[in-house]
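Everything below concerns the one structure shown next.
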Amino acid sequence: MIDKLIQAVRDESWPEATQLLYNHWSERCPKLYTTPDEEPWDNKVDEDSINKELLAPLAAMYILDNQEISKGEPVSLKPLTEKVGIKETLRKPGQLCGRMFRHGDPTYTCKECALDDTCVLCLECFKQSPHAKHKYKVIYFLTII
């Protein structure tokens with residue numbers, strides 16, 4: 001599926017790419033987010049499966065490459081920054097860092113500059129930004145089911 005998705009993006013066939021991703025997620029999400037019948041309050045999230053089954057195809061679509069995902073490793077968009085020529089050490093504030101947040105990761109939102117709560121920075125980007133001297137809030141990224 002990922003190879004077909006990458007090819008659809010290369011061909012700029014956006015309806016096909018959208019349909020491939022939609023079909024894949026429609027099939028995988030119910031399996032990944034099922035609630036146990038016996039104890040529905042004890043729902044466990046398998047981060048590795050979510051990374052491999054949901055985030056990897058999306059990342060592959062952006063970077064036009066099917067990355068190998070090791071168990072416990074998050075999906076990364078760092079190859080995208082390399083493809084567009086942004087070196088991590090020379091990155092300017094506001095440029096894509098490639099960080100994909102995992103359950104429990106801190107996210108930083110500037111109370112003075114952010115338009116809404118979706119405007120977040122990772123710790124490394126936050127420390128290098130002028131927002132560190134502004135009023136800000138820290139929220140820990142939680143996977144909601």
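Just so we're aligned, residue 1 is where the sequence shown starts under full-length UniProt numbering, counting upward by one.
Every residue, glycine too, gets a C-beta built ideally from N, C-alpha and C.
Since the structure is predicted, the reported quantities are computational estimates derived from the model, not experimental observations.
Counting only residues of its own chain and dropping the five nearest sequence neighbours on each side, N66 has a CB closer than 6 Å to the CB of I2, A60. Cβ neighbours of L5 within its own chain (closer than 7 Å, five residues either side excluded): A17, L20, L21, P57, A60, M61. By the neighbour-count criterion, in which 16 or more other beta carbons inside 10 Å mark a residue as buried, Y140 falls on the exposed side. Here the alpha carbons of K44 and K111 stand approximately 33 Å from one another. With contacts defined by Cβ atoms closer than 8 Å, Y136 and V120 do not form a contacting pair.
Bounds of the alpha helix (DSSP H) holding T18 are 14-32. For C125, the enclosing alpha helix (DSSP H) stretches over residues 123-128. Per the C-alpha coordinates, the member of F126, Y33, Q128 positioned closest to W41 is Y33.
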